[in-house]
Each structure stands twice: as structure tokens, then as C-alpha cells.
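Each remark here refers to the structure printed beneath this line.
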Amino acid sequence: MALGGGELVVNKAGMRKDLLAWHLQEVRELASEYDSAFQVLLELLSDDNPHVRANALQVLLDMVGEEGLSQSRLSAALDGIISLTRDDNERVALKALEVLNALLERGQLTEEEYGRITDALMDVIKSGIPILSEYASEGLGKVGAKFAKLAYRLIGWLFSLIGSSKKREVQGAAITALTEMASKTEDTKVLNEVFDKMADLLSHPDPYVVERAVMSMDRLLSRSDKLSMRNKLKAINGIKRLRGDVKLGIRAAQVLEKLEKSAGVDKAIKDTEDLTKSMTASQYSAKDIDRLLDAGKPEIVAELAKMDPEVMGRVLGMLEDEDYTRRMDALWIVSRLAQYLTPSDAYSILPVLGEFLKSKNPWARETAAEVLADIYTLYPGTQKFFASLLNVLLKSTHPRDIEGALELLSRITDKVQDEAFLRSTMGVMFQLLERDDARGVVLRFLAREAQRLVDLDEELLFELKDRLKTVYGMDGGKYDEIIASLIDVIDDILRLRQSGVVVHT
């Protein structure tokens, strides 16, 4: 780069080299100060190298965060950013969506710009590409929350998409967008319109859609004072039909209880505690988090996090706090807020939750597995991460790593209620039984979770019994007592099932 005639002459090749070398701060400083440098940065959005494109977008993202993107610069950059949401490289497309979401969060857009960004996000959701569609749903939620005019257009389109698409990635992203929109809007009509149509989804033929609708309604009940009585009563009738559902029964019962309290169906119900908790939470803000946790009141922080994104961000950051007690507090809070996590929230905490699976603390392992399973259900785009995490844990020779993997598989199996996934999980356990370094972990886990054996069909029960017999006597008979007990349990289940006493769940 050289100075000539009072203007900064920017060497495009030099800036490209800086982007490849991750010298992003230097590029950002130049682009922020000089229009000529900013123009070169925009030209590099169409570079042949995806790393250059992604890092150019990162510079723009940093500029948005530092209020370094004026209206004229935004107008010049927007087409290039939007076009990269369709980039063949996933990292580039995801980074483009992050920039758009940051712009929506900042605001200061014209109506025409909001419309263009909305159209781009709708195209991404319709594609159903994992991860990308989830980030796009977060952006659409922000648009709908800010502008009622756009919200009604989005509500109709998103619910139509849920009904017409057979792809769970599309359906899930649409429900996420609607939930984000309704949970953040100041327009009670928008909130009630979404809640009303979510209640209609309770009779959808796809169990996945029904489950996501229940989770959405559960989250929206945090704003129950803004919901109409008609909507509450309609939801009560819909939820009641789900109480006997094997997979959704417990969650449906919890949502029903909240609905009935909110609607005043049973005045004898003790709603004082919930009311007190909400009123108490309203007295505090993000600056009070440490004081509340020191006072042993994480439940109030959890209530605050539901209402305040700043508090949620602080809690998520505490998962990596140097103080062990703070990390445990944060994990406890997050375990109660899984359905309130936005896609970017959820993706940001996946690595640290994966580390919790290796913890010496059994509660931390189990709780992290529970939260991870919730995220897996909410956001299918996380499947690549889970596959990688499980691969690392299962290849480890450390018992805690293997136990963490088994805990996670078990929790996900509970959530998805899928026969193929259950068989795959059992297949993993069968392989681990053959490993000298993993056999004891698996046997102890099976003994601890013996009640889950009733969920296996006869074929899997017989196969497990045969596998257990093959490892009986190994390791100097160290685990023979556990093996014998497990075989006895399997025999009891088979015998009772044959007599009609126990049915396969």
C-alpha cells in the first residue's frame, strides 16, 4: 500500500495476503478509515479462495459490531453479502448469515434492505441445509420481531412451509424462526397469531412437528400474560390429547400445568411460587448476576436469562469461567433454558458442553448430556458435531470419556425415540464390550441403567444376552456378578413379556 496525491492506494494482492494470513485487525483498521480500502475489501468477497471470502466477511462482521459500517457502506456491501449466503463453501455461507444477523440485531436498516435480507433468509430456510437454515431462522425471527408488517408475511409463509415440506431441517428451522419472532416481538397480535397456529400443529401427523410445537409453546408461555384466554383454552384442549403419548407425555403434562395455571382453570393450584419468582426476577438485571449466584439463587438468574439476552450471554460465558462453582452454576441454569437457546447460542456452547462430558463430576456429565440431547433435538444441523464428538470420546481409552459418550447416546435415544438410533446405540455398546479398556465401563453403565432394558425389543434383548455370555469370565471374572445380574434382568423381561405382563415401550 502506498500514499500518492493525498489518497491511500490499496494493493489488492497485499490485502488478499493479509486476509489469508489472518491479519484481520490490520485489514479492518484500513477498511474502517479509508473508502478505497473498503472498496478493495468488497472486491475480495468474490475472490476464488473461500478462505479469503470468509475472512473478508469476518472483517465486515467486526465492523458491524464496532459501528464501523455507515449507511452508504452498507448499501455498497449488502448485495455481495447476500450473494454469499448461497456460496458452495459452508463456512463462507455461514459467515454471510452471521453478518446479516448482526445487521438485523443492530437495526438502522431501510425497509427495502430489511425486505432484501428477509428474502435471502427465506431462501436459505427453504433449502433446508443444516446449520445454515438454523442461523437463517434466527435472523428471520429478528425481522419478524421488529416489524409487524413483515411478521404477518413471514408467519403465513413459515407455517405454509411446515405443512408442505417433508424435510425436518426445513420444518425445524421454520418453527425456530416463528418461536424467536413471537418470543421477542412487542406486538401481542403477532405473539398470539404464532401461538394460535402452533396449537394447530398439535394435531400434525408428523410426531417431530408436534414435539417442536410443544417445545415452542412451552417457551412462549413465559409471556403468558400477553396470550389471549381463547388461545390458552385452545392450547389446553390440544395438549390434553398428548398426555398419553409415550414420548411427549411428560413434557405435555408440564406444559398443560403451566397453561392451566395461566388460564386460571384450577384456582387451587399453587401459582404463588411462579408469580413470586417472576416478580423477583424483574427487580434485577445483568449486573446482579454474581450477587445472586453468591446468594444461592440461580433460579432467579435463570428467570432473568429467559427475559434478557445480555443475561443469557453472561450465563453462557460462565460455562468457561475459571471458578469451578460458577461453571456448575452456569450448567445448572443452562439445563433449565435449553429451549430458550437461539441457534447461535446453542452452537457456541457445544464444545464446552462436550468437555463437561469428560468431567469427574457425575452430575456434570449427566447434565451436560441432557442439554446436548436437547440441542440435538432442537437443531438437526448439529449432527456433524455430535458425530465428531462421539467418535473422539469412543476412541478414547479413558473410562470417563467412554462413560460420557454412553451418557450422551442414552439421552439422545430418550429424546428421539427412534428404533434405528436405538439399534445403532446398542451396536456401539456391543463393540465396546469387546474392548478390554471399555468393557467395565459399559457393564457398569448397563447395570446403572438396567430399567432401560425394557425399551429393547426381543431381538436386541437376545443379542445383548448372547454378548454378555461371551464376556462372562473375562478380566479374571471381575465383572461376572454384574453380567449375571443383567442376564437375570433380561430373562425376567422376556418371561414377563411372553406372559403379557410387560409390553414393549
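This note's numbering applies: residue 7 is where the sequence shown begins, and numbers increase by one. Every residue gets a Cβ at the ideal spot worked out from N, C-alpha and C, and that includes glycine.
- Query: Does DSSP classify Asn397 as helix, strand or coil?
  - Reply: In the structure shown, Asn397 sits in a helix (DSSP, three-state: H, G or I).
- Message: Taking only three categories from DSSP, how would you classify Leu26?
- Response: In the structure shown, Leu26 sits in a helix (DSSP, three-state: H, G or I).
- For Asn17, which of helix, strand or coil comes out of DSSP? In the structure shown, Asn17 sits in coil (DSSP, three-state: anything other than H, G, I, E or B).
- Rounded to a whole number of angstroms, what is the C-alpha to C-alpha distance between Val46 and Lys18? So the alpha carbons of these two residues sit roughly 6 Å apart.
- Query: Among residues of its own chain, excluding the 5 on either side of Val509, which ones have a beta-carbon nearer than 6 Å to its beta-carbon?
  - Reply: The predicted position of Val509 is uncertain, since its pLDDT is 49 and thus under 50; no value can be drawn from it.
- Query: Between Leu84 and Glu119, is the Cβ-Cβ spacing less than 8 Å?
  - Reply: Result yes, Cβ atoms of Leu84 and Glu119 sit closer than 8 Å.
- Item | Residue from Val149, Gly255, Ser143 and Tyr214 with nearest C-alpha to Arg112 | Of the candidates Val149, Gly255, Ser143 and Tyr214, the one whose C-alpha sits nearest the C-alpha of Arg112 is Val149.
- Nearest to Glu117 by alpha carbon, out of Lys152, Gly86, Ser394 and Leu359? Minimum Cα distance to Glu117 is reached at Lys152.
- Delimiting residues of the alpha helix (DSSP H) encompassing Thr331: Unbroken alpha helix (DSSP H) run through Thr331: Tyr330 to Ser341.
- Other residues of its chain near Lys240: CB distance less than 6 Å, five sequence neighbours each side excluded: Ala205.
- Range covered by the alpha helix (DSSP H) that runs through Lys132: Residues Glu117 to Ser133.
- Query: Do you know offhand how far Leu26's Cα is from Phe391's?
  - Reply: Cα to Cα, Leu26 sits roughly 26 Å from Phe391.
- Item | Nearest-angstrom Cα separation, counted from Met21 out to Thr373 | Distance from the CA of Thr373 to the CA of Met21, rounded to the nearest whole angstrom, comes to 46 Å.
- Message: Assuming the contact rule is C-beta atoms closer than 8 Å, Ala311 and Ile355 should be a hit. Round their C-beta distance to whole Å, please.
- Response: Contact doesn't hold; Cβ gap of about 13 Å is too wide.
- Should Ala426 go down as buried or exposed, given a rule of 16 or more other Cβ atoms within 10 Å for buried? Residue environment: Ala426 is assigned as exposed (fewer than 16 neighbouring CB atoms within 10 Å of its CB, all protein chains considered).
- Task: Please classify Asn237: is it buried, with 16 or more other beta-carbons within 10 angstroms of its beta-carbon, or exposed?
- Result: With 16 or more Cβ atoms within 10 Å of its Cβ, Asn237 is classed as buried.
- Message: Looking at Lys190: is its Cβ nearer than 8 Å to the Cβ of Leu167?
- Response: It is not a contact, given that the beta carbons lie outside the stated cut-off.
- Query: Hey, would you say Leu500 sits closer than 8 Å to Glu464, going by beta carbons?
  - Reply: A contact, by the Cβ cut-off of 8 Å.
- Task: Give every residue of the same chain whose Cβ lies closer than 6 Å to the Cβ of His210, excluding the five residues on either side of it in the sequence, and list them in chain order.
- Result: Take His210, set aside five residues on each side of it, and the residues of its chain with a beta-carbon closer than 6 Å to its own are Val216, in chain order.
- Query: Does the distance from the CB of Lys101 to the CB of Gln77 come in under 8 Å?
  - Reply: Going by C-beta atoms, Lys101 is not nearer than 8 Å to Gln77.
- Proximal residues to Leu248 (C-beta, below 8 Å), its chain only, five neighbours per side dropped: So the qualifying residues of the chain are Leu208, Val216, Val220, Leu254, Gly255 and Ala258.
- Please check the pair Leu156 and Phe201, which I expect to be a contact at CB under 8 Å, by giving their CB distance rounded to whole angstroms. That belief does not hold up - the Cβ atoms of Leu156 and Phe201 are roughly 19 Å apart, past 8 Å.
- Task: Please say whether Ile493 and Leu474 have beta carbons closer to each other than 8 Å?
- Result: Yes, the Cβ-Cβ distance between Leu474 and Ile493 is below 8 Å.
- Alpha carbon to alpha carbon, what distance is there between Ser143 and Arg371? So the alpha carbons of these two residues sit roughly 30 Å apart.
- Task: Express the C-alpha separation of Glu140 and Lys195 in angstroms, rounding to a whole number.
- Result: Looking at the two C-alpha atoms, the distance is approximately 25 Å.
- Message: Let's test the definition: count the other Cβ atoms within 10 Å of the Cβ of Thr331 and tell me whether it reaches 16, buried, or not, exposed.
- Response: So Thr331 ends up on the exposed side.
- Query: Going straight from the alpha carbon of Leu428 to that of Leu414, what length do you get?
  - Reply: Approximately 12 Å, taken between the alpha carbons.
- Relative to the alpha-carbon of Asp443, which residue among Leu467, Tyr485 and Lys471 has its alpha-carbon at the smallest distance? Comparing Cα-Cα distances from Asp443 to each of Leu467, Tyr485 and Lys471, the minimum goes to Tyr485.
- Task: Work out the CA separation of Leu265 and Tyr158 for me, nearest whole Å.
- Result: Tyr158 and Leu265: Cα-Cα distance of roughly 25 Å.
- For Glu305, three-class secondary structure by DSSP: Here Glu305 sits in helix by DSSP.
- Inside the stretch 424 to 501 only - alpha helix (DSSP H) runs reaching at least 4 residues: As far as the stretch 424 to 501 is concerned, its whole alpha helix (DSSP H) runs of at least 4 residues are 425 to 439, 445 to 454 and 464 to 477.
- Message: With H, G and I counted as helix, E and B as strand and the rest as coil, what does DSSP make of Gly270?
- Response: The answer is coil: DSSP assigns Gly270 none of H, G, I, E or B.
- Message: Judging by CA-CA distance, which residue of Tyr385, Thr403, Thr124 and Leu197 is the nearest neighbour of Pro136?
- Response: The candidate whose alpha carbon is nearest that of Pro136 is Tyr385.
- Environment of Leu378 [buried if 16+ CB atoms lie within 10 Å]: By the C-beta density criterion, Leu378 is buried, having at least 16 other C-beta atoms within 10 angstroms.
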